[in-house]
Each structure stands twice: as C-alpha cells, then as structure tokens.
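What follows is one structure encoded as structure tokens, with my remarks underneath.
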Amino acid sequence: ASVSLSVKTSIGTSSDVNGSKSIDMTGTHITHNIQDVGSGGPEALVEGADLGTPGVYYIKNLDAVNYVSIGLSGQYSIKLKPGEFCLFRAAAAIYALANGATCKVEYMVLED
C-alpha cells in the first residue's frame with residue numbers, strides 16, 4: 484500500500500507526506516465486494532464465509548452525494564465523503580451507515 488498527500492492552503496502554506504508499507508498476510512482469503520449501505524441502521528460489511536479473522540480493510544464511498552460513516556456498531560470514527568476511501572487494520576467486524584440515502588460502498592478485506 485502506498486499513499487501520497489500534498490496540500491496547499493488558501494493562504495499559501497503547503498505540506499507533503501508520502502509513505503508505503505508492505506502488508507504481510509498470513510491468511511489466504513480476501514473479500515472484495517460492492518455493497519448497498521442504507522441509512523436506517525448499521526450494516527455489517529459482509530466478509531465472506533471463508534474469511535477467518537479480518538485484518539486490513541480498504542473501503543471507498545462510491546456515492547456522488549452522501550457520506551458514509553464507518554466503524555464498530557454504533558460507534559463511527561471514520562467519515563467518508565463522496566469518492567473518499569480509507570485503508571486500516573481492524574480488530575473487529577466493521578459496520579457502515581449511510582447519511583441521507585442508500586450508498587454503494589466498495590470494500591476489500593484481507594484475512595489477517
């Protein structure tokens with residue numbers, strides 16, 4: 484995985500960061516899916532029957548208007564605006580909740 488972020492503010496200050504990290508995967512299964520996520524309550528991201536312990540999650544909000552909250556059931560610490568994505572390692576099952584209307588969310592889960 485790699486990331487590069489370059490920011491220039493309206494007052495002219497700027498900052499750049501970048502990094503890369505190889506992710507060691509001891510498991511052999513992945514789940515890659517697009518799921519409709521509603522706004523009526525938390526929905527678990529379906530990890531697949533063969534996936535053992537979930538490890539690294541890649542999640543992208545495919546909606547053009549609404550944001551999606553990501554986190555543990557009832558506790559959302561990640562907010563993905565339209566088109567935004569995140570990559571993180573989780574210690575438990577992850578849930579999503581759309582704001583406003585049902586959103587399509589793409590995700591990939593690597594077995595830990």
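Residue numbering for the sequence shown follows our numbering, starting at 484 and increasing by one per position. We treat Cβ as the ideally placed atom computed from N, Cα and C, and that holds for glycine. For clarity, every value in this text was computed on a predicted model and none was experimentally measured.
- A Cβ-Cβ contact shorter than 8 Å links residue 533 with residue 512.
- A direct Cα-Cα distance of roughly 11 Å separates residue 588 from residue 564.
- Here the stretch 575-594 lies against the stretch 514-524, with 3 or more beta-carbon pairs under 8 Å apart.
- Judged by DSSP secondary structure, residue 497 falls within the beta strand (DSSP E) whose first and last residues are 497-503.
- With a 10 Å radius around the Cβ and a threshold of 16 neighbouring Cβ atoms, residue 494 comes out exposed.
- In the displayed model, residue 591 falls within a strand according to three-state DSSP.
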